[in-house]
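Heads up, the sequence shown is in this note's numbering, so the first residue is 1 and it goes up one at a time. C-beta: ideal position from N, C-alpha, C; glycine also. Every value quoted in this text rests on a predicted model; they were computed, and no experiment measured them.
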Amino acid sequence: MFTELSDVEWHALRDLICDRPVRTERRGRPQVEQRTLTNAVLWVLFTGESWSKLPMQYPSVPTCRRKLNEWRESGMLDTILKRLQQSGRDISACAGQISKPARSTPCGDTDRLRGVFWTNPASWKPPVAVR
Numbered sequence: 001m002f003t004e005l006s007d008v009e010w011h012a013l014r015d016l017i018c019d020r021p022v023r024t025e026r027r028g029r030p031q032v033e034q035r036t037l038t039n040a041v042l043w044v045l046f047t048g049e050s051w052s053k054l055p056m057q058y059p060s061v062p063t064c065r066r067k068l069n070e071w072r073e074s075g076m077l078d079t080i081l082k083r084l085q086q087s088g089r090d091i092s093a094c095a096g097q098i099s100k101p102a103r104s105t106p107c108g109d110t111d112r113l114r115g116v117f118w119t120n121p122a123s124w125k126p127p128v129a130v131r
């Protein structure tokens, strides 16, 4: 079971994660709250669930996945997890997820063509011509 960051844990991480200055201009998409984004990434790591099951209270999947990949590449994910461990959180649940690369093959049969869902050619019917 995943529990969101406590105030103490967030205080330990805030200086790492909130390193960008606040934008004063109003162009582009609104920035996502960093604590919520961090909770979303940690939810995936700690539960082991797929991105498609990310609860609705969190930011979009592409935003969260981009942040996780950014943290992995920069090494910041290890630092975040070490700080959480120092704050008293058990990080053993996500140990296998830390260095796990994003899945590059689709779920299910990997030998079938991408986007093709029928398996029996006899069941396929050509499109009907419209006159």
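| Query | Result |
| --- | --- |
| Find the nearest neighbour of Ser87 within the set Phe2, Asp7, Met1, judged by alpha-carbon distance. | Asp7 |
| If Glu9 and Arg89 are in contact, beta carbons under 8 Å, what's the gap, nearest whole angstrom? | 6 Å |
| Relative to the C-alpha of Leu68, which candidate in Pro55, Glu25, Asn39 has its C-alpha closest? | Asn39 |
| What is the rounded straight-line gap between the Cα of Cys94 and the Cα of Val32? | 24 Å |
| Return the chain-ordered list of same chain residues with a C-beta closer than 7 Å to the C-beta of Arg35, the five sequence neighbours on each side being excluded. | Leu5, Trp10 |
| By a C-beta neighbour count over all protein chains shown, 10 Å radius and 16 as the cutoff for buried, is Val130 buried or exposed? | exposed |
| Give the straight-line distance between the Cα atoms of Leu42 and Pro30, rounded to the nearest whole angstrom. | 22 Å |
| Where does Pro62 fall in DSSP's three states? | helix |
| Using DSSP with H/G/I as helix, E/B as strand and the rest coil, what is Cys18? | coil |
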